[in-house]
Amino acid sequence: MNIIFRLIISFIDIFVPKNKKKISIPCINDNEWQGNCSFFSQYLIKNKELLGIQINILCNKKSFLFRNPDIHLDTQYLYSLKGIWTLLTSGIVIYHHGPLAGRIPLISSRRINFHINHGIHFKKVELALDSKSKEYKNISFIKTKWFCKYHSVSSNIDALSCCSYYHTYLSNIFITGIPRNDLFFINNDDLLPQEVINDINKLKKIANNRKIILYAPTWRNQGGAYIFNQDEKNILEKFLINNNYIFVYAGHPYLKNRVIPQSKYIIDYNNNFSDIQSVLSITDILITDYSSIWIDFLLKDKPIIGFQFDHDTYKDDRGFLFDYNEVFPGEIVFDFQSLISVLKLNINDNFIKTEQFSFSKKLFHKFTDGKNCERIANSLLSIKND
């Protein structure tokens with residue numbers, strides 16, 4: 000669908016009546032479905048009769064969502080006449096990866112445009128960027144603040160971060176917790192997306208009662224993934240065997256030079272699983288670098304290690320909203336040998352939460368009860384009924 004046609008649809012939208020009981024979640028890119036989008040849509044579908052709503056997932060023509068057993072009955076092709084009409088008549092539209100998830104700009108003056116984001120605000124984006132940075136110069140001129148009036152966040156500090164990102168009013172931000180983190184507190188499989196259940200069962204079978212170390216490095220503007228040499232692979236493998244662990248490597252999908260050591264004790268997440276949250280939920284030790292994945296994992300009260308092997312050369316033009324060393328809850332190491340040493344200190348339930356760990360958890364998470372989706376739904380209803 001070309002830009003001119005999308006703008007025409009956007010103009011027509013101004014005159015189309017809205018149904019406040021109709022909620023649409025546009026998702027053209029399948030890679031953006033996992034996480035908050037998946038968990039919140041699952042909650043809405045499970046509770047649509049109780050909430051008195053109609054839920055519509057609007058996706059690409061060849062999307063795997065049409066084969067998803069949880070949502071296929073509520074899924075439509077967005078760029079069909081039916082899909083476009085569904086979007087235009089929806090009184091509530093849920094956004095998760097910026098304001099153009101459906102590639103059609105919809106103003107928020109006549110409907111509720113609600114942004115659940117795809118994570119806790121940590122790395123700078125949009126209006127929080129340094130105006131002189133390369134990233135700022137390369138960003139789209141489209142701003143979330145133009146289209147999404149309301150937002151849900153994880154904590155009080157996350158609400159202030161949201162204001163920094165989008166220059167929105169604090170009164171339009173709801174502190175609810177983020178949807179995907181409900182997984183850490185839910186014991187009923189009926190409340191979980193099927194792909195998450197499948198991932199958890201698959202990993203448990205692979206682990207075979209062994210504990211799990213998850214290595215989750217982020218994408219880099221420059222440089223690539225850490226490459227384990229043969230000696231390091233042997234040392235890591237020996238450590239895993241001696242301590243009854245497996246090592247799950249879950250590099251960012253766009254991470255360059257991601258080479259997985261060949262070993263039955265080292266598992267390639269990217270080729271075996273679909274949702275990182277499912278792996279996080281049963282992980283015993285997390286290793287990451289500059290990713291914000293550790294913020295979610297704080298809720299598990301388990302060891303977190305920072306492995307910054309390229310600390311001197313790593314460059315991210317966006318930067319962080321926070322001083323990384325001040326808020327990171329675990330030990331940061333810079334070479335493989337130090338990584339193994341810190342791992343040895345954290346195995347066999349030897350982990351003791353530090354004051355910094357507790358501080359970071361309280362800073363980024365207001366709720367630890369598994370009711371984040373419920374709070375977001377109630378926030379939507381409170382706006383709808385105003």
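Counting from 0, one number per residue, gives the positions in the sequence shown under numbering that gives the first Met the number 0.
Glycine is no exception: its CB is placed at the ideal position from the N, C-alpha and C atoms.
Given the structure is predicted, the values throughout are model-derived calculations rather than measurements.
Asked: Any 3 or more C-beta pairs closer than 8 angstroms across the stretch 230–243 and the stretch 190–202; Found: no
Asked: Distance between S359 and R209 (C-alpha atoms, nearest Å); Found: 29 angstroms
Asked: Residues bridged to Y149 [DSSP beta-bridge criterion]; Found: F113
Asked: For L320, the residue or residues it bridges with in DSSP; Found: For L320, which the question treats as bridged, DSSP gives no partner whatsoever.
Asked: Whole-angstrom distance between I22 and G51, CA atom to CA atom; Found: 11 angstroms
Asked: First and last residue of the uninterrupted beta strand (DSSP E) at T175; Found: Careful: T175 lies outside any beta strand (DSSP E) and carries neither H nor E.
Asked: 7 angstroms Cβ shell around H96 - same chain, five flanking residues per side excluded; Found: E31, H117
Asked: Proximity to L338 [Cα-Cα], best of F308, N186, I294; Found: F308
Asked: Assigned secondary structure, L77 (DSSP; H/G/I helix, E/B strand, else coil); Found: coil
Asked: Which listed residue (N241, P178, P260) has its alpha carbon closest to that of A249; Found: P260
Asked: Cβ distance (whole Å) where R110 is taken to contact G90 below 8 angstroms; Found: 5 angstroms
Asked: Bridge-paired residues (DSSP) for T287; Found: A215, G305
Asked: Coil, strand or helix - V15 by DSSP; Found: coil
Asked: I346 versus I375: straight-line alpha-carbon distance, rounded; Found: 37 angstroms
Asked: C-alpha gap between Y165 and T143, whole angstroms; Found: 6 angstroms
Asked: Cβ-based burial, I240 [other Cβ within 10 Å; buried from 16]; Found: exposed
Asked: As assigned by DSSP and simplified to three states, the class of S89; Found: strand
Asked: Where V195 falls: helix, strand or coil (DSSP); Found: helix
Asked: Buried versus exposed, by CB contacts within 10 Å (16 or more), P16; Found: exposed
Asked: Exposure of N228, with buried meaning 16 or more beta-carbon neighbours within 10 Å; Found: exposed
Asked: Bridge partner(s) assigned by DSSP for P25; Found: L57
Asked: Buried or exposed by the 16-neighbour rule on C-beta atoms within 10 Å, applied to Y168; Found: exposed
Asked: K237 (DSSP reduced to helix, strand or coil); Found: helix
Asked: Rounded Cβ spacing between L279 and H364 (contact assumed at less than 8 angstroms); Found: About 14 angstroms; that fails the 8 angstroms criterion.
Asked: Anticipated Cβ contact below 8 angstroms, L57 with L77, distance rounded; Found: 4 angstroms
Asked: Identity of the residue in G176, T85, L43, T88 nearest I70 by Cα; Found: L43
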